[in-house]
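Please read the structure below before turning to the comments.
Residue numbers (mature numbering (1 follows the signal peptide of the UniProt record, and there is no 0)): -18 to -1, 1 to 222.
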């Protein structure tokens, strides 16, 4: 996630972690990895690293204006947004395309996020081809560096994920949405977003568009990147 304070913060956490940014700037969520471990790389400016706590089943990396990553025993999740990917084109592993032009996996991921938004009264997100193309490019970059790190884009929210599965888009979306149990509608601050930042970016009321991309490395690890516009997780505001 990103903060708008001019400083860059990075946090690598185990378990369900999320990030948020400062005043009116998007925060981004970090990456989740399954069956593989990823290290968090902080953005250049200033880096604050939180020692990860050892939680067995899931690990989540959260970044604020910086890049952070975490490892899952089976899945890795990364979110970058505060205002909180498979190697080939943004297509999911699923090869069947829907009437919307999306693969089944992409459509299911979009539907899952819109269902979560509907539950809290937020309007449905629209799939954005430009955001998907940007997400695809970054997913391919993650494969090249072999790590879950956030981009330095400041006007979009970003969630990251890494896992070994056949439906990476919807699995990533569902993993992020699982953070719902940690959020009770509170205002986002610099310190409280670590457990729900991925979820709050998904349901952020003023976010209207989403695009996702994925890329797969030589070992079969799938990196998923989701980009959101306008970004969510603004410090001093609630998600809905």
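Note that beta-carbon positions come from the ideal geometry of N, C-alpha and C, so glycine has one too.
Taking a cut-off of 8 Å for Cβ pairs, the region 83 to 93 and the region 157 to 164 do not touch, as fewer than three such pairs fall below it.
Rounded to whole angstroms, residue 199 and residue 155 show a C-alpha spacing of 20 Å. By the 16-neighbour rule on beta-carbons within 10 angstroms, residue 148 is exposed.
Linking residue 85 to residue 114 through their CA atoms gives a straight-line distance of about 13 Å.
In this structure, the straight-line span from the alpha carbon of residue 211 to that of residue 126 is close to 25 Å. Between residue 122 and residue 195, the C-beta spacing is below 9 Å. Around the CB of residue 100, fewer than 16 other CB atoms lie within 10 Å, so the residue is classed as exposed. Rounded to the nearest whole angstrom, the C-alpha separation of residue 159 and residue 202 is 24 Å. In terms of Cβ geometry, residue 185 and residue 221 form a close pair [threshold 9 Å].
A direct Cα-to-Cα measurement between residue 124 and residue 105 gives close to 31 Å. Counting C-beta atoms within 10 angstroms of its own C-beta, residue 133 has 16 or more neighbours from the protein chains shown and is therefore classed as buried. Between residue 128 and residue 204, the CB-CB gap reaches or exceeds 9 Å.
DSSP, read as helix, strand or coil, puts residue 140 in strand.
Straight across, the Cα-Cα distance linking residue 117 with residue 209 is about 6 Å.
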